[in-house]
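Residue numbers (my numbering): 32 to 855. Every residue gets a Cβ at the ideal spot worked out from N, C-alpha and C, and that includes glycine. Reviewing the structure listed below.
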RNA sequence: GCCGCGGUGGCGGAACUGGUUUACGCACAGCACUCAAAAUGCUGUGGACGCAAGUCCAUGUGGGUUCAAAUCCCACCCGCGGCACCA
């Protein structure tokens, strides 16, 4: 009988649909396992083999866990808010809701064809009002707890998409999506105080099993830096200007002082004779900023203000400059210039002929700044101290004078949460002009007064009220035009019925917020919703969350290590703080998957025309596709697609099919011992490979096994075990052969076979005989051979005798079960 | 510049708790089947020299540790990813 994968696929897909295989059962006594793979954005083009790669990895892993008897939660859903859908709607006039429905239907059908065995009864969709009701609910909680605030600010703006961008969405100064150069625009934006969780987001990475690279990326994104704030007294007034430094030990090396062009105290320090020059510089710096001053040459420009500041310990008079290499967004917007021990300061000093003073010995400061360690010199009473010690001492002395305090700086910024688009969750807030004028905030209302906020409430929120919870969700209204207005307002602003509402506090006319949330919002908590996807009363039942959470293994893309992963950890920690989600961390273990490139080695994209979809290889069969994708290489690698490669896998399945059928016909009673050993080893090794995410070598072992047993007889029992081991990889062919064996439906409800550990013990080993570490002979010997016997065997080898003739044996090294090395 | 990961045949990759380098597959070559081709099967395939048995050399480069290094250490080169006037 010919192997006809398409026929088999159609047959079993129908049966699996009707007769459910395995469900995830809430509160089952079996031990739970939560296997999660990042849910996709259902693009109009459908699923390609890159998606298939990722999903197959987890599908095999989850199937194995089920076979091991675990109660596996293995869900799928749709991260469906987003620009492409909106853009498509813009072009065609079809409602994004309709487009999304079509796309998700298509994805789902493709996933079913690929035999991804998800718990479809737990499907979630971020664009479903019953889902985003809770996304909005979380936002309101963030607001009430002081973690959401509004701020007039310069935001990154994409002139092409006409949308505000988060810092994370600007890559090399360009819009992450369309590549247009980002500009700045002043808009009033909602921000989330992720900075309040910066320490925990960094520290609690110790609690989870994430790849080293992910931890490093997250820590560097958070960018914690511990230092002190030193106040420098101005020479002419009583006032001080603080700086942030991690190197107080270099204080005596300060030969200049720099303020950022935007520094609030700058104006009063400009002396009349420098006014023209300084104001010109500030103006230029501002313009430069708009043209991205980062990308420009890093020449250390700057001008003298005419004013001086005093070294807080030595009293030395220090000139104050303004320079744009100092930025207002980090530290205090002012620095102490220590050219001897900071490269940027060194360059600035060179350019402006300022003194470069050595205060830490060990480098050659004539050539370059020395940022390393050493003893203090030229530092008065601190001379001779090691820099670490000096840090402490100087800090103590400054603190005594009230001129220093410990300070931690982060490079992470608060999360800009407003988007000026239609296809996103409406931010559920109402602005009341009447209350705003009276300075009334949510926390002045009856509800607000009784509300215990976990964090300090930001100012400037007068007149802003969350939509009462019983009115959630704030549904997206129908609109005629999806175009962003380009004025900085979302298309929702044009819908009067939507915008006009009543103030929940005073009842007078009020306006709804018309911005929507970024597409990171819905994905920041979806893993919780899978645990209880249809709950109307809460985002998920706490008991169910306690049962299923945390996610045991989370597979996702490298592009999400600093954004999605950080945002969702932040939300989870917050939800834990307010008692609606258990556990400090949502994900126990994170794995980063690789990428399948087009056949030409470039990233698959419609515009490059190198996209391969499952449909393109349907003749070869989905089992072949699954196995081929696993066989490409390690799960985290990047590989070009190869059509000849997948044909090789198809040949393997073809041979397997033929071999298995002939075994079924023959009805062998017993396998030879040698075959039994091979089967038992296969069970062990493939099982371990799956556990270790080594799917490529698991496939290699299956292929090797077939090569070794081809043409040989195997008992039914052994064949059954081989099928079970192959089943997670190739669900269709194994189900079909299972049926031919007249076994009870379905192979996918079976448990993972056990192996006989006695049987697979090696009886014979190949003893490697080396001379001076080079392999000179290999002899088959019994396992567990003694050192004495091994030596005898080695020395009796003719090849060895020839080589050691006339030489003196210095020593012989024996490694049990492995080798013997004769040193001459 | 800093942080993380990597560099093994013509290609994707195995082997990394130090102990047979190149598993498995692709590609290629020869043979069989065929009028022929495709498909399939069998055999071969790291490099150099050799008719051969065989010998020597090979895991980015250069050193080191060790009886023994793809694996550990040092320096350097290259590639990928992240961060970056961060004070």
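Within 10 angstroms of the Cβ of residue 633, are there 16 or more other Cβ atoms? Answer buried if so, exposed if not. Counted from its first residue, the first chain places residue 633 at position 602. So residue 633 ends up on the exposed side.
Measuring CB atoms only, is the region 218-231 touching the region 563-578, in the sense that at least three cross pairs come out at less than 8 Å? no
Using alpha carbons as the reference points, say which of 50, 130, 165 lies closest to residue 500. Numbered from 1 along the first chain, position 469 holds the residue referred to as residue 500. Residue nearest to residue 500 within the set 50, 130, 165 is 165 (criterion: CA-CA distance).
Name the two residues that bound the continuous beta strand (DSSP E) containing residue 220. Here residue 220 is taken as the residue at index 189 of the first chain, counted from 1. That run of the beta strand (DSSP E) goes 214-223.
Note down, one range per segment and in chain order, each alpha helix (DSSP H) of at least 4 residues found wholly within the region 419-488. 464-469, 477-480
Inspect the beta-carbon positions of residue 288 and residue 387 and report whether they are closer than 9 Å. Mapped onto the first chain, residue 288 falls at position 257. Mapped onto the first chain, residue 387 falls at position 356. Not a contact, by the Cβ cut-off of 9 Å.
Considering only the alpha carbon of each residue, which of 781, 790, 650, 702 lies closest to residue 715? On the first chain, residue 715 is found 684 positions in, with the first residue counted as 1. When each option's Cα is compared against that of residue 715, the closest is 790.
Excluding the five sequence neighbours on either side, which residues of its own chain have a C-beta within less than 7 Å of the C-beta of residue 266, listed in chain order? Here residue 266 is taken as the residue at index 235 of the first chain, counted from 1. Same-chain partners within the cutoff: 339, 340, 341, 348.
Leaving out five residues on either side along the sequence, give the residues of the same chain with a beta carbon under 6 Å from the beta carbon of residue 273. Taking the first residue of the first chain as position 1, residue 273 is located at position 242. Cβ neighbours of residue 273 beyond the five flanking positions: 260, 262, 363.
Assign residue 234 to buried or exposed, taking buried as 16 or more other Cβ atoms, counted over all protein chains shown, within 10 Å of its Cβ. Here the question's residue 234 lines up with position 203 in the first chain. With fewer than 16 Cβ atoms within 10 Å of its Cβ, residue 234 is classed as exposed.
CA-CA distance, residue 769 and residue 755? The residue given as residue 769 occupies position 738 in the first chain. The residue given as residue 755 occupies position 724 in the first chain. One C-alpha to the other measures close to 9 Å.
DSSP has residue 104 in a bridge; who is on the other side? By 1-based counting over the first chain, the position of residue 104 is 73. Looking at the DSSP assignment, residue 104 forms a beta bridge with 65.
Straight-line CA distance for residue 704 to residue 745? Stepping through the first chain from its first residue, residue 704 is reached at position 673. Stepping through the first chain from its first residue, residue 745 is reached at position 714. Taking the straight line from one Cα to the other gives about 10 Å.
According to DSSP, residues forming a beta bridge with residue 188: Taking the first residue of the first chain as position 1, residue 188 is located at position 157. Bridge partners of residue 188: 195, 214.
Which same chain residues, not among the five before or five after residue 103, have their C-beta less than 7 Å away from its C-beta? Taking the first residue of the first chain as 1, we reach residue 103 at position 72. Closer than 7 Å at Cβ, skipping near neighbours: 55, 64, 66, 93, 96, 97.
Using CA coordinates, which residue listed in 306, 84, 390, 449 is at the minimum distance from residue 421? Position 390 of the first chain, counted from the first residue, corresponds to residue 421. Comparing alpha carbon positions, the residue from 306, 84, 390, 449 closest to residue 421 is 390.
Taking the straight line between their C-alpha atoms, what separation do you get for residue 373 and residue 432? Along the first chain, one-based indexing puts residue 373 at 342. Along the first chain, one-based indexing puts residue 432 at 401. Spanning the two alpha carbons is a distance of roughly 26 Å.
Spatial distance of residue 850 from residue 802 (CA atoms): Position 819 of the first chain, counting from 1, holds the residue named residue 850. Position 771 of the first chain, counting from 1, holds the residue named residue 802. Whole-angstrom Cα-Cα distance: 11 Å.
Does the region 541-556 touch the region 451-459, meaning 3 or more C-beta pairs lie closer than 8 Å? yes
If you draw a straight line from the C-alpha of residue 563 to the C-alpha of residue 603, how long is it? As a working mapping, residue 563 is identified with position 532 in the first chain. As a working mapping, residue 603 is identified with position 572 in the first chain. The alpha-carbon atoms of residue 563 and residue 603 are separated by roughly 16 Å.
Candidates 522, 685, 654, 708: which alpha carbon is nearest residue 146's? Here residue 146 refers to the residue found at position 115 of the first chain. Of 522, 685, 654, 708, the residue nearest in Cα terms is 654.
Is the beta carbon of residue 666 closer than 9 Å to that of residue 625? Within the first chain, the letter at position 594 stands for residue 625. Within the first chain, the letter at position 635 stands for residue 666. Cβ distance < 9 Å, so residue 625 and residue 666 count as in contact.
Would you decide whether residue 722 is buried or exposed? Buried here means 16 or more other CB atoms lie within 10 Å of its CB. Against the first chain, residue 722 aligns to sequence position 691. When all chains shown are included, residue 722 counts as exposed.
Output the distance between the C-alpha atoms of residue 45 and residue 142, rounded to the nearest integer angstrom. For the purposes of this step, residue 45 is identified with residue 14 of the first chain, where counting begins at 1. For the purposes of this step, residue 142 is identified with residue 111 of the first chain, where counting begins at 1. About 14 Å.
Please state the DSSP three-state secondary structure of residue 367. Residue mapping note: residue 367 aligns to position 336 of the first chain, counting from 1. It is a strand residue.
Whole-angstrom distance between residue 607 and residue 614, CA atom to CA atom: To locate residue 614, count along the first chain from 1; it is residue 583. To locate residue 607, count along the first chain from 1; it is residue 576. Spanning the two alpha carbons is a distance of roughly 6 Å.
Just grab the DSSP bridge partners of residue 798 for me. For this step, residue 798 is matched to residue 767 along the first chain. Beta-bridge pairing links residue 798 to 810.
Tell me which same chain residues have a C-beta within less than 7 Å of the C-beta of residue 578, skipping the five on either side of it? Walking along the first chain from the start, residue 578 turns up at place 547. Closer than 7 Å at Cβ, skipping near neighbours: 57, 58, 63.
Report yes or no: do three or more beta-carbon pairs, one from the region 100-118 and one from the region 153-167, lie closer than 8 Å? Segments in contact, yes.
Exposed or buried, residue 365, counting other C-beta atoms within 10 Å across all chains shown (16 or more means buried)? Start at 1 with the first residue of the first chain, and residue 365 comes out as number 334. Classification of residue 365: buried, given that the 10 Å Cβ count is 16 or more.
Helix, strand or coil for residue 109, going by three-state DSSP, please let me know. Walking along the first chain from the start, residue 109 turns up at place 78. If DSSP states are grouped into helix, strand and coil, residue 109 belongs with the strands.
Cβ-based neighbour list, residue 239, same chain, cut-off 8 Å, excluding 5 preceding and 5 following: Locating residue 239 in the first chain gives position 208, where the first residue counts as 1. Around residue 239: 616, 618, 619, 620, 621.
Spatial neighbours of residue 630 in its chain, beta-carbon cut-off 8 Å, leaving aside the 5 residues before and after: Residue numbering aside, residue 630 sits at position 599 when the first chain is read from its first letter. Within the same chain, residue 630 has close Cβ partners 641, 643, 671, 672, 673, 674.
Considering residue 262, what are the terminal residues of the beta strand (DSSP E) in which it resides? As a first step, residue 262 is located in the first chain; it is residue number 231 there, counting from the start. Where residue 262 is concerned, the enclosing beta strand (DSSP E) stretches over 256-264.
Suppose contacts are defined by Cβ-Cβ distances below 9 Å. Is residue 426 in contact with residue 253 by that definition? The residue labelled residue 426 in the question sits at position 395 within the first chain. The residue labelled residue 253 in the question sits at position 222 within the first chain. No.
Helix or strand or just coil, what does DSSP make of residue 229? Working through the first chain from its first residue, we reach residue 229 at position 198. Residue 229: helix per DSSP, three-state reduction.
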